[in-house]
Amino acid sequence: MAPLHATKALSRSQDLAIEVIERIGSSISMACVLFLMSTFLAYRRLRTPSNTLLFSASPANLFAGIASLIGRAGLSRPNATTCQVQGFFLEWFMQADAWWACAGALNVMLVFFYRYNAEQLRRLNPIYWLICYGIPAIPAVFSLIFRKNGKQMYGDATLWCWYSTNYIMVRLYAYYIPIWVVVSLAMIIYTLVGIKIHRNNVLLHSIQATPLSNLCSRTFEHEIAYSAAPPRWSLPGENDMNGASTVTISAPPFRLGHCAVLKSMFVTFLNIWQDDSNLSPSDRTTMAYSRVAFLFFASNLITWVPASVNRVYALLHPAEPSFSLNVFAAIVLPLQGLWNCIIYLVVNKTLFKEIFREWKVNMQRGRKAPDSTTESRDIEVDFNDLGQSDEDEYKMQDLLEALRG
2 MAPLHATKAL
12 SRSQDLAIEV
22 IERIGSSISM
32 ACVLFLMSTF
42 LAYRRLRTPS
52 NTLLFSASPA
62 NLFAGIASLI
72 GRAGLSRPNA
82 TTCQVQGFFL
92 EWFMQADAWW
102 ACAGALNVML
112 VFFYRYNAEQ
122 LRRLNPIYWL
132 ICYGIPAIPA
142 VFSLIFRKNG
152 KQMYGDATLW
162 CWYSTNYIMV
172 RLYAYYIPIW
182 VVVSLAMIIY
192 TLVGIKIHRN
202 NVLLHSIQAT
212 PLSNLCSRTF
222 EHEIAYSAAP
232 PRWSLPGEND
242 MNGASTVTIS
252 APPFRLGHCA
262 VLKSMFVTFL
272 NIWQDDSNLS
282 PSDRTTMAYS
292 RVAFLFFASN
302 LITWVPASVN
312 RVYALLHPAE
322 PSFSLNVFAA
332 IVLPLQGLWN
342 CIIYLVVNKT
352 LFKEIFREWK
362 VNMQRGRKAP
372 DSTTESRDIE
382 VDFNDLGQSD
392 EDEYKMQDLL
402 EALRG
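Residue numbers for the sequence shown follow our numbering, so the first one is 2 and each next one is one higher.
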């Protein structure tokens, strides 16, 4: 059957409404992305591990916003540069956001299940950049240079220039299927983390329900039976260098205080996922990263569920496009940068209040904005060391030691 151009089924007013929605959303998103990137680079205190995840996805949001801003302007000339560049940017950068959401989930899993330390996570940054931007680039570049009967793959796709109706199945194989694979992987990871947290809750409740005297007695007998085993944690006086040292561990009578410490360790761990008002700085850092990673994942669901429904409908009914589904897709797809910026502002609201207060005071004194002399030199960023200041690394080490317990 000959391919049908679905855009002909929409009226001129509907086409115009879709284009206006796309451009408004992409303009807002691009402004938000520029704000996120500029503040992240300008203020070192904002370069936390959680903000680094959002910053890493920002180039993808920026170029996807540029492509969305073009709107339907290139549809009249599918083989022109405007149409081809738009299709290339949409294929490459718009799906990269989902890959970064999966990378954030993977970091959470590595910390909770495989006890990765700060240095190990830092070494993964170049790999994440290569995967999250490299894999989507493969179909994007191939589709840009491939020709069939003199026609290019990027063409009329109703919303904008993308895979034309001649390549409607390519939309699934090169775009939506990879996206839902990584989104599903992130969903599985967060499910496993939730199971782990639930098991810790069950263990905590069992400890609270057990009389302290019985708990202490069982724990004391257990330690006698395994007193010859090596300790799990390093103890004061233990040397990790090449030299040898001997540590003597005595086992005094087990008192009530030891049980209270044991219970508080479980309570502290579980509170990381609940209320962070009384947590240590390292625990708050972990709480922030976990929240950002999960919110980032949730924003991807908001983006890709309506868009995927629209494309599946277009696959089943290529001659009858749904105006309402296209409107929903035109709303959510350009707004990836907006969602990330909202997350960025919410998790850093205290820091932004401090920065604004300092900026206001210094402006009243006739000085430059805060940190303009001390932090402007940090504009040159090592992409292998994003979000890993000395203070951040110290906090992460504290966190990882707590999690290993």
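Glycine included, each C-beta is placed from N, C-alpha and C at the ideal position. Predicted model only: the values in this text are computed from it and were never measured.
Original post:
Does the Cβ of Trp101 have 16 or more other Cβ atoms within 10 Å, making it buried, or fewer, making it exposed?
Top reply: One-based indexing of the sequence shown puts residue 101 at position 100. Its Cβ being crowded by 16 or more others within 10 Å, Trp101 is buried.
**OP:** Between the Cα of Ile332 and those of Val34, Ile22 and Leu17, spot the shortest distance and give me the residue it belongs to.
**Re:** Taking the first residue of the sequence shown as position 1, residue 332 is located at position 331. Cα-wise, what sits closest to Ile332 is Ile22.
Original post:
Roughly how far, in whole angstroms, is the beta-carbon of Pro58 from the beta-carbon of Asn341, given that I think they are within contact range, below 8 Å?
Top reply: Residue 58 sits at position 57 when you count from the first residue of the sequence shown. Residue 341 sits at position 340 when you count from the first residue of the sequence shown. Position check: residue 58 holds Ala in this sequence, whereas Pro was assumed. That pair is a contact at about 6 Å.
**OP:** Compute the Euclidean distance between the alpha carbons of Phe458 and Arg292, then round it to the nearest angstrom.
**Re:** Residue 458 cannot be examined here, being either before or after the span of the chain that is shown, 2 to 406.
Original post:
Taking Cβ positions, are Gly75 and Met31 nearer each other than 8 Å?
Top reply: On the sequence shown, position 74 is the one that residue 75 refers to. On the sequence shown, position 30 is the one that residue 31 refers to. Cβ atoms of Gly75 and Met31: not closer than 8 Å.
**OP:** Drop a sphere of 10 angstroms on the beta-carbon of Thr82, count the other beta-carbons inside from all chains shown, and report buried for 16 or more, exposed for fewer.
**Re:** The sequence position of residue 82 within the sequence shown is 81, counting from 1. Exposed.
**OP:** Give the secondary structure of Trp101 by DSSP, where H, G and I count as helix, E and B as strand, and everything else as coil.
**Re:** Mapped onto the sequence shown, residue 101 falls at position 100. It is helical.
**OP:** Determine contact between the segment 120-134 and the segment 147-159, defined as no fewer than three beta-carbon pairs at a distance below 8 Å.
**Re:** no
**OP:** From the DSSP output, in three-state form, read off Arg78 for me.
**Re:** As a working mapping, residue 78 is identified with position 77 in the sequence shown. Arg78: coil per DSSP, three-state reduction.
Original post:
Among all the DSSP beta bridges, which residues are the ones paired with Ile153?
Top reply: Residue 153 sits at position 152 when you count from the first residue of the sequence shown. Note on identity: in this sequence residue 153 is Gln, with Ile being the wrong assignment. Looking at the DSSP assignment, Gln153 forms a beta bridge with Arg148.
**OP:** Give the C-beta separation of Val86 and Leu63 to the nearest angstrom, bearing in mind that I take them to be a contact with Cβ-Cβ under 8 Å.
**Re:** Taking the sequence shown and counting its residues from 1, one reaches residue 86 at position 85. Taking the sequence shown and counting its residues from 1, one reaches residue 63 at position 62. Wrong, their Cβ atoms sit about 14 Å apart, outside the cutoff.
Original post:
Alpha carbon to alpha carbon, how far is Ala99 from Pro140?
Top reply: The count along the sequence shown starts at 1 and reaches residue 99 at position 98. The count along the sequence shown starts at 1 and reaches residue 140 at position 139. Spanning the two alpha carbons is a distance of roughly 16 Å.
**OP:** Have a look at Leu11 and Leu326 and give me their C-alpha separation to the nearest angstrom.
**Re:** Walking along the sequence shown from the start, residue 11 turns up at place 10. Walking along the sequence shown from the start, residue 326 turns up at place 325. Each residue's Cα considered, the two are about 12 Å apart.
Original post:
With DSSP run on the structure shown, which of helix, strand or coil describes Trp161?
Top reply: As a first step, residue 161 must be located in the sequence shown, where it is residue number 160. Coil at Trp161, not helix or strand.
Original post:
With a Cβ-Cβ cutoff of 8 Å, do Leu125 and Ala294 count as a contact?
Top reply: Walking along the sequence shown from the start, residue 125 turns up at place 124. Walking along the sequence shown from the start, residue 294 turns up at place 293. Not in contact: Leu125 and Ala294 (Cβ atoms no closer than 8 Å).
Subject >> Contact check, Trp181 vs Leu91, beta carbons under 8 Å >> reply: Walking along the sequence shown from the start, residue 181 turns up at place 180. Walking along the sequence shown from the start, residue 91 turns up at place 90. No, the Cβ-Cβ distance between Trp181 and Leu91 is not below 8 Å.
Original post:
Would you report the Cα separation of Leu37 and Tyr290, rounded to the nearest angstrom?
Top reply: As a first step, residue 37 is located in the sequence shown; it is residue number 36 there, counting from the start. As a first step, residue 290 is located in the sequence shown; it is residue number 289 there, counting from the start. So the two alpha carbons sit approximately 17 Å from each other.
**OP:** Could I get the ranges of all uninterrupted beta strand (DSSP E) runs contained in the segment 310-378, with 3 residues as the minimum, in chain order?
**Re:** none
Original post:
CA-CA distance, Val348 and Phe357?
Top reply: Taking the first residue of the sequence shown as 1, we reach residue 348 at position 347. Taking the first residue of the sequence shown as 1, we reach residue 357 at position 356. The straight-line gap from Cα to Cα measures roughly 16 Å.
**OP:** Please list, in chain order, all residues of the same chain as Asn311 whose beta carbon is under 8 Å from its beta carbon, the five residues on each side excluded.
**Re:** Here residue 311 is taken as the residue at index 310 of the sequence shown, counted from 1. Correct list, in chain order: Ser323, Leu326, Asn327, Phe329 and Ala330.
Original post:
Residues in its own chain within less than 6 Å of Tyr314 by CB, not counting five upstream and five downstream?
Top reply: Mapped onto the sequence shown, residue 314 falls at position 313. The answer, listed in chain order, is Ser323 and Leu326.
**OP:** Could you tell me which of Val184, Asn363 and Tyr345 sits nearest to Leu47, measuring between CA atoms?
**Re:** The sequence position of residue 47 within the sequence shown is 46, counting from 1. The candidate whose alpha carbon is nearest that of Leu47 is Tyr345.
Original post:
Under 8 Å, do Ala97 and Tyr44 count as touching if we go by C-beta distance?
Top reply: For the purposes of this step, residue 97 is taken as the residue at position 96 of the sequence shown. For the purposes of this step, residue 44 is taken as the residue at position 43 of the sequence shown. Not a contact, by the Cβ cut-off of 8 Å.
Original post:
Applying the criterion that 16 or more other CB atoms from any shown protein chain within 10 Å of the CB defines a buried residue, is Ser77 buried or exposed?
Top reply: Locating residue 77 in the sequence shown gives position 76, counting from the first residue. The residue is exposed, with fewer than 16 neighbouring Cβ atoms inside 10 Å.
**OP:** Look at the alpha carbon of Val194 and the alpha carbon of Tyr176, and state the distance between them as a whole number of angstroms.
**Re:** Taking the first residue of the sequence shown as 1, we reach residue 194 at position 193. Taking the first residue of the sequence shown as 1, we reach residue 176 at position 175. Cα-Cα distance, rounded: 28 Å.
Original post:
What's the C-alpha gap between Trp163 and Leu302?
Top reply: Against the sequence shown, residue 163 aligns to sequence position 162. Against the sequence shown, residue 302 aligns to sequence position 301. Rounded to whole angstroms, Trp163 to Leu302 spans 21 Å at the Cα level.
Original post:
Comparing alpha-carbon positions, which option in Leu296, Gln337 and Ala320 lies nearest Ala308?
Top reply: Numbered from 1 along the sequence shown, position 307 holds the residue referred to as residue 308. That would be Gln337, whose Cα lies nearest to the Cα of Ala308.
Subject >> Where the alpha helix (DSSP H) through Gln96 begins and ends >> reply: Against the sequence shown, residue 96 aligns to sequence position 95. Careful: Gln96 lies outside any alpha helix (DSSP H) and carries neither H nor E.
Original post:
Alpha carbon to alpha carbon, how far is Phe94 from Ala68?
Top reply: If you number the sequence shown from 1, residue 94 lands on position 93. If you number the sequence shown from 1, residue 68 lands on position 67. Straight-line Cα distance between these residues: approximately 9 Å.
Original post:
Out of curiosity, what's the CA-to-CA distance linking Ala138 and Ala187?
Top reply: Residue 138 sits at position 137 when you count from the first residue of the sequence shown. Residue 187 sits at position 186 when you count from the first residue of the sequence shown. Rounded to the nearest angstrom, the two C-alpha atoms are 21 Å apart.
Original post:
Apart from the five residues on each side of it in sequence, which residues of its chain come closer than 6 Å, Cβ to Cβ, to Met110?
Top reply: If you number the sequence shown from 1, residue 110 lands on position 109. Excluding sequence neighbours, Met110 sits near Ile190.
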